[in-house]
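These notes are about the structure you will find just below.
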Amino acid sequence: MKRKLFISGILGLGWLCMAYSNDNGIAKTPANGGKKLNTVVLSQQFEYPGKIATDSADPKEEDLNTAFTLGYNSANGIRLNPRAISFVQDYMEKNGEDLRKMKSWAKPYFNMIDGILKKYGLPSELKYLCVIESELKSTATSWAGAVGPWQLMPQTARDLGLRVGRGVDERKSYAKSTHAAALYLRDLYREFGDWLLVIAAYNGGPANVYSAIKKCQGSRNFWKLQNYLPAETRMHVKKFIGTHYIFEGQGSVTTLTKAEVTEQIGITATHLLNRRLTTDELDNAKSTEVSGKYNSAAIAKNIMMDLSEFNRYNPDFDAIMASNDNAYELKLPADKMDLFIANKYIILNESVQMMLTGATVGK
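Those letters in the sequence shown? Residues -19 to -1, 1 to 344, per mature numbering (1 follows the signal peptide of the UniProt record, and there is no 0), in order.
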């Protein structure tokens, strides 16, 4: 009979600790070239951020057997995908008591990382990538040349603005490497729109993820395409989920596919979770509640805003406005909001015409 699982302990498998500077970790094959991301020219398409696997812990004492067997987390009701339940159970059970120590000594590092991720509009739970990448060790080095808490490859780090040379290696700086990793993660999310695919791409490179999508007939569901990914990348995502549950005692948007987020949290709540604006963008934004037949393309045209940028501020706008809710907290940069207020009746009229004719707003 399986012994009860407690979220009180957990530190990585002993063999995982061998993956550090002595380069005795699991062998990896750098990813080959692929599609460039939106804002940063990322050479990691040709080399992937090497991995140093490890795990993590949490202090709460709770019997998770029932929760995982049912596929639910008792804390917030987010369901764990059935394909992950067995792995997460075993992962938590095997990874020992030592990681309970990390919960206390890592707190200053986590607080710093949380603050930086927030500035980039990223979920704070992404900090657990550091745990499975490097155990938060600034000197962690993979055989492939990835260095630091975020395990960035040399050229990748340079592309992201870090200095890497004989006299200085900013990949070892917790703050600077976190800023760089946040840029990369933000671009990956803009590219894939799914946190599990982001984590897979961070480990194995975007090219491997696109290859898996193609082989899976275009599906972007991690649980369907996982077997087309390199084994290490597949396990990396599952270890992230397990580590997340160990530290948080529950799931979040970063442990679900995009479809699962919509299904479990609901489209109305999801648009707020996925907004992910930076601190500066939030400080400069204005909000107003809108209802009626407004259309994103009509709004974007009349306020002279790129439609993709409008959608970043207002995820799922058209879907929510077409739903029974028919109300949305519209968020825009201050100058764009002024234009919207001044032209809202023109915009509404154009939106209605679009709905009636099925036409696209002219540029």
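The C-beta atom is built at its ideal place from N, Cα and C for all residues, glycine as well.
Going straight from the alpha carbon of residue i to that of residue j, what length do you get?
i           : j    : result
T122        : V128 : 5 Å
N76         : L329 : 57 Å
M73         : L103 : 26 Å
P135        : L143 : 9 Å
G126        : V145 : 12 Å
A188        : A182 : 8 Å
residue 356 : G232 : Given a span of -19 to 344 for the chain in the structure shown, any question on residue 356 remains unanswerable.
F173        : T238 : 11 Å
T159        : Y309 : 33 Å
G230        : L320 : 45 Å
S200        : E106 : 25 Å
T137        : G185 : 13 Å
F91         : Q198 : 39 Å
K220        : V333 : 48 Å
In terms of alpha-carbon separation, which member of the options lies closest to residue i?
i    : options                : result
N307 : P314, D299, L313       : D299
A279 : A212, F203, M335, I222 : M335
K274 : L337, I94, A315        : L337
K82  : L313, S277, N292, I227 : I227
L263 : W86, N92, K100, D71    : K100
I97  : K88, A87, K108         : K108
P296 : L311, N283, M216, S158 : L311
I322 : S289, S67, I301, N283  : N283
L177 : S119, T236, S289, L164 : T236
K153 : W131, R147, D168, R167 : W131
According to DSSP, is residue i helix, strand or coil?
i           : result
V271        : strand
P296        : coil
V145        : strand
L133        : strand
N13         : Low confidence applies here, because N13 scores a pLDDT of 36, under 50, leaving its location unreliable and the question unanswered by this model.
A303        : coil
R201        : coil
L237        : coil
T120        : coil
D71         : helix
residue 390 : Past the edges of the chain, shown from -19 to 344, lies residue 390, and the structure says nothing about it.
D150        : strand
What first and last residue would you give for the beta strand (DSSP E) that runs through residue i?
i    : result
P314 : 308 to 314
Taking the alpha helix (DSSP H) that residue i falls in, what are its first and last residues?
i    : result
K219 : 212 to 229
G96  : 88 to 100
D261 : 260 to 264
I280 : 277 to 283
I194 : 187 to 196
Y209 : Taken as a continuous stretch (DSSP letters only), Y209 belongs to no alpha helix (DSSP H), as it is neither H nor E.
E114 : 109 to 115
Rounded to the nearest angstrom, how far is the Cβ of residue i from that of residue j, given a contact under 8 Å?
i    : j    : result
G223 : V69  : 5 Å
Y209 : A193 : 4 Å
I180 : H225 : With a Cβ gap of about 10 Å, I180 and H225 do not count as contacting.
R60  : Q207 : R60 to Q207, Cβ: 18 Å. No contact.
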